[in-house]
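Undergrad:
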Amino acid sequence: MAKFTLPINSIVKKGKTYKLDSDPKNILTVDIYRYNPDDGSNPSIDTYILDKNNFGPMALDVLLYIKNKVDSTLSFRRSCREGICGSCSMNINGTNTLACILNIAEESHLKIYPLPHMPVVKDLVPDMKNFYKQYESIKPWLINDNKPQREHLQSQSDREKLDGLIECVLCACCSTSCPSYWWNSDKYLGPASLLHAYRWIIDSRDTAKKERLSNLADKFKLFRCHTIMNCTKTCPKNLNPAKAISHIKTMLASD
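Position 94 (the sequence shown) corresponds to 243 in my numbering; numbering is contiguous.
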């Protein structure tokens, strides 16, 4: 009989608890995944009991308060605070989202983890190297060797076809919510990269549609998508990667 064992230091244990000195009425309890590869210890869940009157209404406000006032060792990514850079993507209360645009004003308990099924650099910081490598593989730039007199023009109707695609901020919330990506992230490109691939395939200024489709005609790169729809459900920008993927499949099937 096969015997399965967990990797060393993989069991998540109970960590520290940071309590308040006072007893405010408006309390928020925050459980945060902590992991430091340098100290060789197990991951842990640290608990922070906070007064909600000390920070703003967004999840990122909570993290910044903890970082600045309670525990300076906490690591996470953040930048724009407006949902346009994708840096602060993480799993909050079971859903992949952007911490900067998640309103937690009505919450009394938060459970915050890094994006699932990705290597963890430290605490809430996932390793995005593979994700960006896959994005690079779809050649996310305009390919057109026909030199225009001034610029590559585009009609208003053709430009409108790109709406719902160009708003993607590459936060990886969709890809890391996809079971197909969890098990095949070395081969399956994932919803984010495929949404961007479709964006360039239908761009009227691009002349590499045939080559782009040929690059995706693979049982793993594209067709490992089983239309589970987690990607569309979790997207913090309300985009529909599953729809974009279905359009690519239709194009390949009709050629």
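A virtual CB, placed ideally from N, CA and C, is assigned to each residue, including glycine.
#1: Assuming N245 contacts T383 (C-beta within less than 8 Å), just tell me the rounded distance between them.
#2: Please classify Y281 as buried or exposed, where buried requires at least 16 other C-beta atoms within 10 Å of its C-beta.
#3: Skipping 5 residues on each side, what residues in its chain have a beta carbon closer than 8 Å to that of S159?
#4: Need the endpoints of the alpha helix (DSSP H) that I394 sits in, please.
#5: On a Cα-Cα basis, can you pick out the residue from K386, P385, F369 that is closest to I394?
#6: Are there 16 or more other CB atoms within 10 angstroms of the CB of Q283, so buried, or fewer, so exposed?
#7: Ordered along the chain, which non-local residues of its own chain (more than five positions away) have a Cβ less than 6 Å from that of P268?
#8: Cβ of D272 within 9 Å of Cβ of S224?
#9: Checking 9 Å against the spacing of the C-beta atoms, do S238 and R230 come in under that value?
#10: Below 9 Å between beta carbons: does that hold for L291 and D355?
#11: Cβ of P289 within 9 Å of Cβ of H375?
#12: From the DSSP output, in three-state form, read off N364 for me.
#13: Closest to T381 by C-alpha separation, out of L343, K218, N364, Y197, would be which residue?
#14: Which first and last residues belong to the alpha helix (DSSP H) in which Y284 is found?
#15: Which word fits W349, buried or exposed, when buried means at least 16 other C-beta atoms lie within 10 angstroms of its C-beta?
#16: Is G339 helix, strand or coil by DSSP?
#17: With distance defined between alpha-carbon atoms, name the residue in S286, Y197, V211 nearest to S363.
#18: Could you tell me which residues DSSP pairs with D180 in its beta bridges?
TA: If we stick to the structure as given:
#1: Taking the first residue of the sequence shown as position 1, residue 245 is located at position 96. Taking the first residue of the sequence shown as position 1, residue 383 is located at position 234. With a Cβ gap of about 5 Å, N245 and T383 count as contacting.
#2: Numbered from 1 along the sequence shown, position 132 holds the residue referred to as residue 281. Counting of Cβ neighbours within 10 angstroms places Y281 among the exposed residues, the total staying below 16.
#3: For the purposes of this step, residue 159 is taken as the residue at position 10 of the sequence shown. So the list reads N191, P192, once near-sequence residues are dropped.
#4: Mapped onto the sequence shown, residue 394 falls at position 245. Here the alpha helix (DSSP H) through I394 covers 390-403.
#5: In the sequence shown, residue 394 corresponds to position 245, counting from 1. Per the Cα distances, F369.
#6: For the purposes of this step, residue 283 is taken as the residue at position 134 of the sequence shown. The residue in question, Q283, is buried, as its Cβ has 16 or more Cβ neighbours within 10 Å.
#7: Walking along the sequence shown from the start, residue 268 turns up at place 119. Excluding sequence neighbours, P268 sits near D276.
#8: Position 123 of the sequence shown, counted from the start, is the residue given in the question as residue 272. Position 75 of the sequence shown, counted from the start, is the residue given in the question as residue 224. Contact: yes.
#9: By 1-based counting over the sequence shown, the position of residue 238 is 89. By 1-based counting over the sequence shown, the position of residue 230 is 81. Taking 9 Å as the Cβ cut-off, S238 and R230 do not qualify as a contacting pair.
#10: The count along the sequence shown starts at 1 and reaches residue 291 at position 142. The count along the sequence shown starts at 1 and reaches residue 355 at position 206. Taking 9 Å as the Cβ cut-off, L291 and D355 qualify as a contacting pair.
#11: In the sequence shown, the residue the question calls residue 289 occupies position 140. In the sequence shown, the residue the question calls residue 375 occupies position 226. In this structure, P289 keeps its C-beta atom at 9 Å or more from the C-beta atom of H375.
#12: Within the sequence shown, residue 364 is the residue found at index 215, counting from 1. Look at N364 here: in three-state DSSP terms it is helix.
#13: For the purposes of this step, residue 381 is identified with residue 232 of the sequence shown, where counting begins at 1. When only C-alpha atoms are compared, the closest one is L343.
#14: For the purposes of this step, residue 284 is identified with residue 135 of the sequence shown, where counting begins at 1. That run of the alpha helix (DSSP H) goes 278-286.
#15: Your numbering for residue 349 matches position 200 in the sequence shown. Label assigned to W349: buried.
#16: For the purposes of this step, residue 339 is taken as the residue at position 190 of the sequence shown. Reduced to three states, the DSSP call for G339 is helix.
#17: For the purposes of this step, residue 363 is identified with residue 214 of the sequence shown, where counting begins at 1. With respect to the C-alpha of S363, the residue from S286, Y197, V211 having the closest C-alpha is S286.
#18: Numbered from 1 along the sequence shown, position 31 holds the residue referred to as residue 180. Note: D180 sits in a beta bridge opposite T196, K260.
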